[in-house]
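J.: Protein sequences, first through last, are from chains P and W. Per my numbering, the very first residue in the first sequence carries number 1; after that it's consecutive. Per my numbering, the very first residue in the second sequence carries number 112; after that it's consecutive. Here it is: the structure, laid out below.
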Amino acid sequence: DAKTTQPPSMDCAEGRAANLPCNHSTISGNEYVYWYRQIHSQGPQYIIHGLKNNETNEMASLIITEDRKSSTLILPHATLRDTAVYYCIVHGSSNTGKLIFGQGTTLQVKP
Amino acid sequence: NAGVTQTPKFRVLKTGQSMTLLCAQDMNHEYMYWYRQDPGMGLRLIHYSVGEGTTAKGEVPDGYNVSRLKKQNFLLGLESAAPSQTSVYFCASSTRDRGQTQYFGPGTRLLVL
Chain P
1 DAKTTQPPSM DCAEGRAANL PCNHSTISGN EYVYWYRQIH SQGPQYIIHG LKNNETNEMA
61 SLIITEDRKS STLILPHATL RDTAVYYCIV HGSSNTGKLI FGQGTTLQVK P
Chain W
112 NAGVTQTPKF RVLKTGQSMT LLCAQDMNHE YMYWYRQDPG MGLRLIHYSV GEGTTAKGEV
172 PDGYNVSRLK KQNFLLGLES AAPSQTSVYF CASSTRDRGQ TQYFGPGTRL LVL
């Protein structure tokens with residue numbers, strides 16, 4: 001599975017959009033981009049995933065560049081409860097379901 | 112549905128003691144996983160299972176054993192606990208489809224003295 005690079009930390013004002021970047025320049029054609037988050041030492045929570053096209057669900061949007069070497073997770077209206085560590089994970093070259101977690105980005109939403 | 116549950120929530124062991132952590136899921140998922148998370152670190156995969164009666168090693172398997180006798184349960188055993196195994200342990204489950212989402216339990220905090 002390809003390696004990902006994320007900034008260690010970011011701040012965002014409450015009510016504003018949070019844009020979390022992720023680089024995955026070695027991604028292969030059959031690998032998905034997943035985003036999970038972990039709030040205050042709870043179990044990680046799935047947010048969204050995509051292969052090639054941009055995706056949107058009730059939690060967030062995922063924008064994947066055309067060359068698929070980077071992506072951005074967008075939380076459209078961040079709240080204090082969105083303060084968490086966000087993990088970008090590239091996965092799919094095998095079918096065992098294993099996820100490789102990096103250090104993630106700590107997002108601090110401020111009032 | 113309860114999703115993924117873990118037992119116990121917290122445990123203190125002395126060096127050399129043994130214990131078993133239980134993970135249960137009610138979503139009929141084929142795949143199950145055990146991760147550990149040390150302070151300030153991301154999760155690391157210990158062992159995983161792609162089906163009942165089948166287990167495999169992950170990234171950091173040493174000092175742990177697992178069993179998957181029933182589809183809904185995945186047990187993680189520590190035969191002789193060491194202080195280096197002080198960590199938070201998370202269990203997860205998923206379907207076997209490509210693009211599958213993993214669902215995580217609330218975690219078990221283990222302290223080995």
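Think of the CB as a built atom: it goes at the ideal place given N, C-alpha and C, for glycine as much as any other residue.
(1) Using beta-carbon positions only, say whether Tyr144/W and Leu156/W come within less than 8 Å of one another.
(2) Can you name the residues of chain P whose CB is closer than 7 Å to the CB of Phe185/W?
(3) Can you tell me which residues form a DSSP beta bridge with Met130/W?
(4) Between the C-alpha atoms of Tyr200/W and Gln211/W, what's the straight-line distance to the nearest angstrom?
(5) Mind the definition here: the segment 74-85 of chain P touches the segment 6-23 of chain P only if three or more C-beta pairs lie below 8 Å; say whether that holds.
(6) Counting only beta-carbon separations shorter than 8 Å, does Thr197/W have a partner in chain P?
(7) Throw me the rounded Cβ distance for the Lys182/W and Glu163/W pair, which I believe falls under 8 Å.
(8) Under the three-state reduction of DSSP, which class applies to Leu222/W: helix, strand or coil?
(9) Can you tell me which of the three DSSP states Leu113/P falls into?
(10) Where does Pro194/W fall in DSSP's three states?
(11) Could you name the residues of chain P that Gly169/W contacts, counting a contact when the two beta carbons are closer than 8 Å?
(12) Assign Asp82/P to one of three DSSP states: helix, strand, or coil.
(13) Which bits of chain W does Gly29/P rub up against, with CB to CB less than 7 Å?
(14) Since I believe Tyr86/P is in contact with Thr65/P (beta carbons under 8 Å), could you give me their beta-carbon distance rounded to a whole number of angstroms?
(15) Just to confirm before moving on: does the CB-CB distance between Cys22/P and Ser61/P stay below 8 Å?
T.: Considering the structure as presented:
(1) yes
(2) What Phe185/W touches in chain P: nothing, since even the nearest Cβ is about 13 Å away.
(3) Leu189/W
(4) 21 Å
(5) yes
(6) no
(7) 5 Å
(8) strand
(9) Given that chain P is displayed from residue 1 to residue 111, the structure contains no residue 113/P and the question cannot be resolved.
(10) helix
(11) Lys98
(12) helix
(13) What Gly29/P touches in chain W: nothing, since even the nearest Cβ is about 13 Å away.
(14) Not really, about 18 Å apart at Cβ, beyond 8 Å.
(15) no
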